[in-house]
Amino acid sequence: MVFSAINFTLLIPLLSVLFDTADTQVVSDPGDFELTKDYAIEYFYYTFGNIIQQSGKQQALLFVCVIVIISVFVTNIFRYLATIIVTKIRLDVVKYLRMDIYNRVSSMHLGYFTNERKGDLMSRITNDVQEVEASILNSPKALFREPVTIIIYFIFLFSISAKLTIFTILVLPITGGALAEIVRRLKKRAVQSQESLGRIVNILDETLGGMRIVKAFNARGYVTDKIDQETDYYRRVNLSYSYKKELGSPVSEFLGVAIVCIIIYYGGSLVLAADGSLDGPQFIAYLAIFSQIISPGKAFAAGISGLQKGIASAERIFKVVDATPAIVNKPNAIDIKAFKQQIEFDHVRFAYGTEPVLKDISFTLQKGQTIALVGPSGGGKSTLADLIPRFYDPTDGAVKIDGTDIRDCDVESVRKLMGIVTQESILFNDTIFNNIAFGLDDPKEEDVIQAAKIANAHDFIMDMEEGYDTNIGDRGLKLSGGQRQRISIARAVMKNPPVLILDEATSALDSESEKLVQEALANLMKNRTSLVIAHRLSTIQHADQILVIQGGEIVERGTHDELVNQEGIYKKLSAMQNT
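Okay, so the sequence shown: first residue is 1 according to UniProt numbering, each after it adds one.
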C-alpha cells in the first residue's frame with residue numbers, strides 16, 4: 001500500500017520533467033539520515049536535482065522510471081506474501097471451526113439430537129462454515145486492508161494539498177450513508193437464506209435415506225412438492241438478497257464518479273487560481289492517487305455487504321458451539337477402572353421436560369446376573385437402559401456402579417464398561433473388518449475373526465467375495481437384517497465389556513435369523529452382567545430377574561416361573577405370544 005502510493009507520488013517529478021517544469025538547481029543536502037517521510041522526500045529531490053544538474057533531464061527521467069519499477073516490484077512481492085499468509089490463516093480457521101462444531105455436537109447428550117434436525121446440523125458444519133469462509137474470512141482484505149490503504153492514500157493526498165483533501169473528506173460521507181442503508185437491509189434475508197438451506201439439506205437427508213418407503217408408498221410426488229416449495233423459498237430469499245447486495249456497486253460507482261467530478265472542479269479552480277497552493281503536475285498526481293481510493297472504497301463497501309451472510313452463518317454456528325452439554329464430567333471425576341459388584345437404581349425418576357417417564361425405579365443388578373425388562377411399548381424401558389451408560393442423567397435419585405453415583409464418574413470410563421446392541425443395527429459405510437473393530441486402536445485380525453465366530457457371523461462373511469474386506473454400504477444395506485445384527489454383536493464381543501445392554505436385539509428378525517442371533521447373544525452374555533430389553537418373552541425365560549415396566553413404574557418383578565404363576569401383565573403377555 002505504501003509502495004503503491006509512492007508510485008503515484010513519483011508522477012510529480014516525472015511529469016515535471018516531461019512538462020519542462022523541473023527545477024535545475026541543486027537541492028540542499030538533507031543532512032543526517034532520519035527515518036521520516038520528510039527526510040525521504042528531501043533526499044529524493046536532492047538526488048533528483050543533482051542528476052538533472054550533472055547528467056541532464058533524460059537521465060533524471062530514467063532515474064524516476066527505475067525507482068517506479070523497483071517500487072512496483074517490491075509492492076507485488078509484499079502483496080504475494082500477504083495473500084499467502086491470509087490464505088493459510090483462512091484455511092486453518094475453517095478447519096478448526098469445523099472441528100469445533102463437530103466436537104461440540106458429538107459431545108452433546110442424546111436428547112439434543114431429538115430437538116435438532118440432523119440435516120440442519122450438517123448444513124451448519126458444511127454450508128455455514130463455507131459461507132463464513134467466503135465472506136468473513138475473506139473480509140480482512142476488505143475490512144482491514146482497504147481502510148488502511150485508504151488512510152495511507154489520504155496521507156499522501158494531504159502532503160500534496162491539505163485544502164483539497166479536507167474538501168474531499170467532507171463530501172465522501174454521502175457515499176457511506178447510502179451504502180449503510182443498503183447493508184442494514186441485508187442481514188434479515190441472509191438469516192432466512194441459511195435457515196432455508198438447512199431445511200433443504202434435512203429434507204434431502206430424510207428422503208434419500210428413506211427412498212425405499214418413498215417408492216413403496218408412491219410418495220415421490222409428495223416429497224418432490226415438499227422440496228420444490230423449500231427450494232423456491234430459498235430462491236426467492238436469495239433473489240431478494242442479491243437485489244439489495246448488487247445495488248451497492250452501482251450506487252457507490254455513481255456517487256464515486258459524481259464526487260470525483262466535484263473534486264476535479266474544486267481542484268481545477270485551485271490550479272487556475274495560480275496562488276501556488278496547487279500546480280498542474282501536483283493536481284494530476286492527486287487525481288491519480290485519489291482514483292486508487294475508489295477501488296478499495298468499493299471493495300470495502302462490497303465486503304460489508306457480503307459480510308451480512310457470513311454474520312448470519314456465524315450466528316448459527318456459534319449457537320451450536322456455545323450450546324452446553326447436559327452430560328459433563330464433574331471436576332476431579334472418578335475414573336472407574338473395572339466393574340466389581342453391582343449396578344444399583346436408587347429411587348430413580350426421569351422426565352423429558354415436565355413429562356415424567358420413570359417413576360421411583362429401584363432395583364439392583366449384581367455382577368454376573370441377567371435382568372430382563374419387559375412391558376408395553378412406551379413404558380420407559382429404553383430410557384431406563386440409557387441411564388446406565390449415562391446417555392441421560394436421572395431427574396431424581398441415582399444410578400450407582402459399585403456404590404458410586406455415575407454422575408461422579410468420568411463419562412468415558414463408565415462407557416468403557418458397557419457393550420450395547422440395539423434393535424436397529426447401526427453400521428457404517430466401511431468394511432466388515434472396520435465395523436467389527438470400530439473404535440479400537442490397532443485391532444488384530446485374529447481377534448476380529450474370533451469375535452465374528454462368537455457372533456455366528458464368520459461363515460457368511462467368508463462366503464462374500466472380499467471376505468472381511470467387503471464394504472457393506474450405507475448403514476450396512478448390502479447385508480440382511482440378521483447379518484447386520486450379528487456384525488453388531490461381533491462389535492460388542494470385540495470390545496469385551498463386563499456389562500451388556502441388549503435393547504430388543506432380536507425383535508426385528510425372522511425366525512431363522514433370530515435363532516442365529518440368539519445363539520450369538522448367548523455366547524456374548526456368558527460370564528457377563530446383562531440388562532436385556534425383550535419383546536419376545538421366549539428369549540428371556542432364563543433371566544435371573546424379570547422386571548415388568550408399565551407407565552414408568554415396576555409393576556411386577558420375579559423369575560419367569562414366578563411371574564407366569566401370577567395373575568398379572570407378564571402372564572397376559574406370555575399367553576398372547578403363545579397363542
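No residue lacks a Cβ here, since even glycine has one placed at the ideal position from N, Cα and C. This structure is a prediction, so every number in the text was calculated from the model and none was measured.
query, result
"Tell me the DSSP bridge mates of SER530?", "THR370 and LEU500"
"Since I believe ARG557 is in contact with LEU547 (beta carbons under 8 Å), could you give me their beta-carbon distance rounded to a whole number of angstroms?", "5 Å"
"Quick test of your reading: HIS109 and ALA437, contact by CB under 8 Å. State the CB separation rounded to the nearest angstrom.", "Not confirmed; about 27 Å, so no contact."
"Quick one: Cα of ILE85 to Cα of LEU239, how far?", "34 Å"
"Alpha carbons only, please: which of VAL74, SER574 and PHE158 is nearest the one belonging to PRO376?", "SER574"
"So for ARG316, helix, strand or coil by DSSP?", "helix"
"How should SER107 be labelled, buried or exposed, when 16 other C-beta atoms within 10 angstroms of its C-beta is the threshold for buried?", "exposed"
"For ASN565, count neighbouring Cβ atoms within 10 angstroms of its own Cβ and tell me buried if that reaches 16, exposed if not.", "exposed"
"Taking DSSP's pairing of strands, which residues face GLU131 in a bridge?", "Answer by DSSP bridge pairing: none, since GLU131 is not bridged."
"Rounded C-beta distance between LEU186 and TYR241? I'm assuming under 8 Å.", "6 Å"
"Can the beta-carbon of ILE489 be found less than 7 Å from the beta-carbon of VAL421?", "yes"
"On the DSSP letters alone, give me the boundaries of the alpha helix (DSSP H) that VAL328 sits inside.", "Segment: none, VAL328 is in no alpha helix (DSSP H) and carries neither H nor E."
"When the Cα of GLY467 is compared with those of ARG475, LEU477 and ALA452, which residue comes out closest?", "ALA452"
"Determine the DSSP secondary structure at ASP430, reduced to helix, strand or coil.", "coil"
"Beta-carbon separation of LEU384 and VAL399 under 7 Å?", "no"
"Would you identify the three-state DSSP class for HIS109, choosing helix, strand or coil?", "coil"
"Roughly how many angstroms separate the alpha carbons of ASN202 and ARG124, rounded to a whole number?", "11 Å"
"Quick one, which of GLY476, GLY379, ASP393 and ASN434 has its alpha-carbon nearest LEU427's?", "GLY476"
"Flag this pair as yes or no: are the beta carbons of LEU417 and PRO498 separated by less than 7 Å?", "yes"
"Count the other CB atoms within 10 Å of the CB of HIS347; is the residue buried (16 or more) or exposed (fewer)?", "exposed"
"ASP128 to TYR570, Cα distance in whole Å?", "52 Å"
"Given a cut-off of 7 Å, decide if ASP408 and ILE334 are closer than it, judged by their beta-carbon atoms.", "yes"
"Return the first residue and the last residue of the alpha helix (DSSP H) that LEU547 is part of.", "Segment 545-550 is the beta strand (DSSP E) holding LEU547; no alpha helix (DSSP H) there."
"State the Cα-Cα distance for the pair VAL320 and PHE350, rounded to the nearest angstrom.", "25 Å"
"Going by CA-CA distance only, name the one from PHE156, GLN282, ALA312 and VAL414 that's closest to VAL191.", "ALA312"
"My guess is that ARG491 and LEU516 are in contact by the Cβ rule of under 8 Å, so how many angstroms apart are they, rounded?", "Contact flag wrong, Cβ pair sits at about 16 Å."
"Start and end of the alpha helix (DSSP H) containing THR149?", "146-160"
"Among residues of its own chain, excluding the 5 on either side of LYS495, which ones have a beta-carbon nearer than 8 Å to its beta-carbon?", "GLY419, GLY439 and LEU440"
"Considering ASP462, what are the terminal residues of the beta strand (DSSP E) in which it resides?", "This sequence places Met at residue 462; Asp is not what is there. Counting along the chain, MET462 falls outside any beta strand (DSSP E), though it belongs to the alpha helix (DSSP H) covering 458-463."
"Please classify HIS347: does DSSP put it in a helix, a strand, or coil?", "strand"
"Note down, in chain order, each residue of its chain lying with its Cβ closer than 8 Å to the Cβ of LEU97, except the 5 sequence neighbours on either side.", "VAL129, VAL132 and ILE317"
"Run through the DSSP bridge pairs and tell me what LEU358 is partnered with.", "PHE350"
"Bridge partners for residue 581 per DSSP, in chain order?", "Since the first residue of the chain shown is 1 and the last is 579, residue 581 is not available in this structure."
"In its own chain, which residues sit with a C-beta less than 6 Å from the C-beta of GLY310, not counting the 5 before and 5 after it?", "GLU131, VAL132, SER135 and ILE136"
"On the DSSP bridge list, what partners appear for VAL66?", "Answer by DSSP bridge pairing: none, since VAL66 is not bridged."
"Take GLN541 as the anchor and find which of ASP279, ASP561, PHE154 and ILE160 has the nearest alpha-carbon.", "ASP561"
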